[in-house]
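As structure tokens, the structure follows; a few thoughts come after it.
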Amino acid sequence: MSTIVSFKDVSLNFGGVKALNNVSFDIKEGSLHAIIGPNGAGKTSIFNCISGIYKPTSGHVEFKGENIGSLRPDEIANKGVARTFQNIELFENMTVLDNILIGAHRHIDYGSISGILFGPSVREKEIEARKIAEDIIDFLEIEEYRFSYILSLPYGIQKRVELARALAMKPEIILLDEPAAGMNNEETEDIARFILDIHEELKITTVLVDHDMNMVMDIAEDVIVMDFGQKLFDGIPKDAIHDKQVIEAYLGVSTDK
Amino acid sequence: MKGRPNLYTDYRKEIAILNTTTQKFWALIGLTLLIISSFFFSQYWMYLITTALLTAVAAWGLNIVSGFAGQISLAHGAFVGIGTYVSAVLGGVGSSYIRGYELDMLIWLPLAGIVPAIIGLIISPLAVRLKGLNLGLVTLGLVFIASYIFSNWNSVTGGSGIGRKTAKLKIFGIDFNDGFYAGSYHIEKDQFIFFLSLILFIFAGIGVKNLMRSKIGRAYAAIRDRDIAAEAIGINLYRFKASAFALSSFYAGVAGSLIFVMSGGVDPTQFNLVYSVTFIAIVIVGGAGTVLGPLFGAAFFSLIPGVIKYFLHFFGTTADQVPLHPTQIERLVFGLLLIGFLIFESRGLWGIWFRLRNYFKAWPFSY
């Protein structure tokens, strides 16, 4: 398996705050990677560096061997990097279907003037996009919400629609920022099943950030543990829970020795 | 599927412009009424309706950039002005101190859109750098620059207080300024301008609807609602903000090229800040971000003077018996309505129409 995303000594500073401090790791193509750590550990900063929302202060972020540190977010997205957000970033005044169609943006190929004329070829491309959207609606089992407005949907479904929008990009790698945050057990199980499906059926490299340790340990193949902007651990989940540094970061150090 | 005409059986039907028989029916009725009534209306009402149609085209333009793409533009009136002067210079009559080339309408009408579109493209980087209020302020600066140029470029605009004549109506070399005969029926110049405006209006409306149902419209809405998420999906903010400004200016320019043709002349002081703000008011009162909204707003704004006059006449009063001049009443009414809409019905006239439609759809049930 080749490397799809690689961090090489990446640092990200906000004034004096070191959000990321010389972080290096590789994510292999086709893997299911989890990034965990306490609040403020730099997990979301890693995502923001990959998707180009933040530019690293130093170091290289590579996508398939190419340095993407200086590219705009939309250029990176068009290379096949999809993501979801910690606080749902859906287009609330639109229907589920429109949100998913926006996700398919990069696969619908025509310009502004063709859009205003809406000729036969544009029509065919729109219908093609609709078929992509319907496949994803079917995959994530949200048929009944197709024409619902986002604001009217429960939180768990909104999370799933955001996942659908990311999948509509037909990405090579998908970054999921706390997909199970704020969900009950049943919804968490659903989302875990969908993540496994995305990974196994659609063969999309998946990276997730989450606090739900049970879910992460159950589904992730590899895990990176972060704390205060530094990488503590990188390996398989089973070893992570026995790692001394990880235990210290999560549970604190015992003082009475 | 014969018995259930409103059941979509394929995606093609679903994305059609008028996708129900009811919509088709009412669109046809509206159009027919408009055309028939043009033969009966007085010159004054013809003028108002033509102005309404062209104002709707310009308002659609503002709706593209502000309603769909969410970029405030206070300079829309200036783009209407650019369109007016491009057409007046190319299609108007020249003299020793005013430029005019008396070209064919087939040349000046497209160019009246293309020139503002290019200027829109040139200023669009501002919108990429700035957001919200800051962008509003910069476009405000553009209005002042534009009205300074309009007032002082005498060889093009005639200078403030003097003005110039608008473009002549000449198509394929045939002069329509004195009307023409269709068979034995004489079609007046005003009627001709009305039909021209109506055709322009229909094409402009279809264009806006197309934009809304295409990926371009979705990209605009994505930028308006959440620009960071839009970027993370692969939408190029630079490209789409630029195209929104260009298309919006195109609409403004094309509308501007005809909007003063009926009255025959135009004074450069016309294109001041109030003129630009009027378009914002029209879009808000009508319903921003919808296709029908600006149409409602434009009709409302343009027809108010006629309605006020009608009422004054109805109650047997003349204009000088009322303490306020009709135009003052019109300003006052429109201002009050603007405040009222912002407070009580933020979706504008479109919102009222939307609720009425849903009420009658569900009738006789109340929900």
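First to last, the sequence lines map onto chains A and B.
Each residue of the first sequence is one higher than the one before, starting from 211 at the first, in our numbering.
Each residue of the second sequence is one higher than the one before, starting from 3 at the first, in our numbering.
Don't be surprised by glycine CBs; every beta carbon is placed ideally from N, CA and C.
Only a predicted model underlies this, so the values are computations on that prediction, with no experimental measurement involved.
- Met427 (chain A) has its alpha-carbon roughly 14 angstroms from the corresponding atom of Asp453 (chain A).
- Between Ile237 (chain B) and Ala221 (chain B), the beta carbon gap of about 5 angstroms places them in contact (Cβ cut-off 8 angstroms).
- Bridge pairing for Gln296 (chain A): absent [DSSP].
- In the three-state reduction of the DSSP assignment, Met436 (chain A) falls in the strand class.
- Take Leu377 (chain A), set aside five residues on each side of it, and the residues of its chain with a beta-carbon closer than 6 angstroms to its own are Ile346, in chain order.
- By a beta-carbon distance limit of 8 angstroms, Leu144 (chain B) contacts Ile125 (chain B). Their separation comes to about 7 angstroms.
- Per the DSSP secondary-structure output, Ser216 (chain A) pairs in a beta bridge with A:Asp236, A:Glu272.
- In this structure, the beta-carbon distance from Ile310 (chain A) to Ile230 (chain B) does not fall below 8 angstroms.
- Closest option to Gly240 (chain A), judged by alpha-carbon separation, among A:Thr416, A:Met425, A:Gly321, A:Asp400: A:Thr416.
- With a beta-carbon spacing of about 20 angstroms, Leu105 (chain B) and Ser199 (chain B) fall beyond the 8 angstroms limit used to define contacts.
- The C-beta of Ile173 (chain B) has fewer than 16 other C-beta atoms within 10 Å across all chains shown, which makes the residue exposed.
- A distance below 7 angstroms between beta-carbons, with the five flanking residues on each side excluded, links His409 (chain A) to the following residues of its chain, in chain order: Leu242, Thr416.
- Runs of the alpha helix (DSSP H) spanning 4 or more residues and lying entirely within the segment 144 to 226 of chain B occur at 156 to 159, 191 to 215, in chain order.
- When B:Ile310, B:Leu314, B:Gly185, B:Ala301 are compared, the shortest CA-CA separation from Leu351 (chain B) is found for B:Ala301.
- Sequence-distant Cβ neighbours of Ala224 (chain B) in its own chain, meaning closer than 8 angstroms and more than five residues away, are Ala231, Ala232, Ile235, Ile237.
- The alpha-carbon separation between Ile286 (chain B) and Gly295 (chain B) amounts to approximately 8 angstroms.
- As the crow flies, the alpha-carbon of Val433 (chain A) is around 57 angstroms from that of Gly299 (chain B).
- Nearest Cα to Gly329 (chain A) within the set B:Gly185, B:Phe152, B:Asn212: B:Asn212.
- Here Ala71 (chain B) really is in contact with Arg226 (chain B); their C-beta atoms are around 6 angstroms apart, less than 8 angstroms.
- Nearest CB-CB separation between Leu249 (chain B) and chain A: below the 8 angstroms threshold.
- For His452 (chain A), there is no enclosing alpha helix (DSSP H), as DSSP marks it with neither H nor E.
- For the 8 angstroms CB-CB criterion, Phe203 (chain B) and Ala58 (chain B) form a contact.
- Think of a sphere of 9 angstroms around the beta carbon of Ala287 (chain A): the chain B residues whose beta carbon falls inside it are Glu233, Ala234, Ile235, Gly236, Ile237, in chain order.
- Within the same chain, Cβ atoms closer than 6 angstroms to the Cβ of Glu372 (chain A) are found at Thr294, Ile298, Leu300, the five residues on either side in sequence being excluded.
- Interface criterion met: the Cβ of Ile17 (chain B) is under 8 angstroms from a Cβ in chain A.
- If you draw a 10 Å sphere on the C-beta of Arg316 (chain A), you find 16 or more other C-beta atoms in it, and that means buried.
- Listed in chain order, the alpha helix (DSSP H) runs fully inside the segment 250 to 316 of chain B are 275 to 288, 295 to 316, counting runs of at least 4 residues.
- Along the segment 207 to 221 of chain B, the positions whose C-beta sits under 9 angstroms from a C-beta of chain A are Ile208, Gly209, Val210, Lys211, Asn212, Leu213, Arg215, Ser216, Lys217, Ile218, Gly219, Arg220, Ala221, read in chain order.
- For the segment 434 to 446 of chain A, the beta-carbon criterion of a distance under 9 angstroms to any beta-carbon of chain B is satisfied by none of its residues.
- Distance from the CA of Ile246 (chain A) to the CA of Ala459 (chain A), rounded to the nearest whole angstrom, comes to 11 angstroms.
- With contact defined as three or more Cβ pairs closer than 8 angstroms, the segment 307 to 316 of chain B and the segment 327 to 337 of chain B are in contact.
- For the pair Gly163 (chain B) and Asp269 (chain B), the Cα-to-Cα distance works out to about 6 angstroms.
- Under the three-pair Cβ rule at 8 angstroms, the segment 251 to 267 of chain B counts as touching the segment 182 to 201 of chain B.
- In this chain, the alpha helix (DSSP H) harbouring Ala364 (chain B) covers 350 to 364.
- With its beta carbon less than 8 angstroms from one in chain B, Leu327 (chain A) belongs to the interface.
- Contact check for Lys217 (chain B) and Ile318 (chain A): beta-carbon distance about 5 angstroms, within the 8 angstroms limit, so the pair qualifies.
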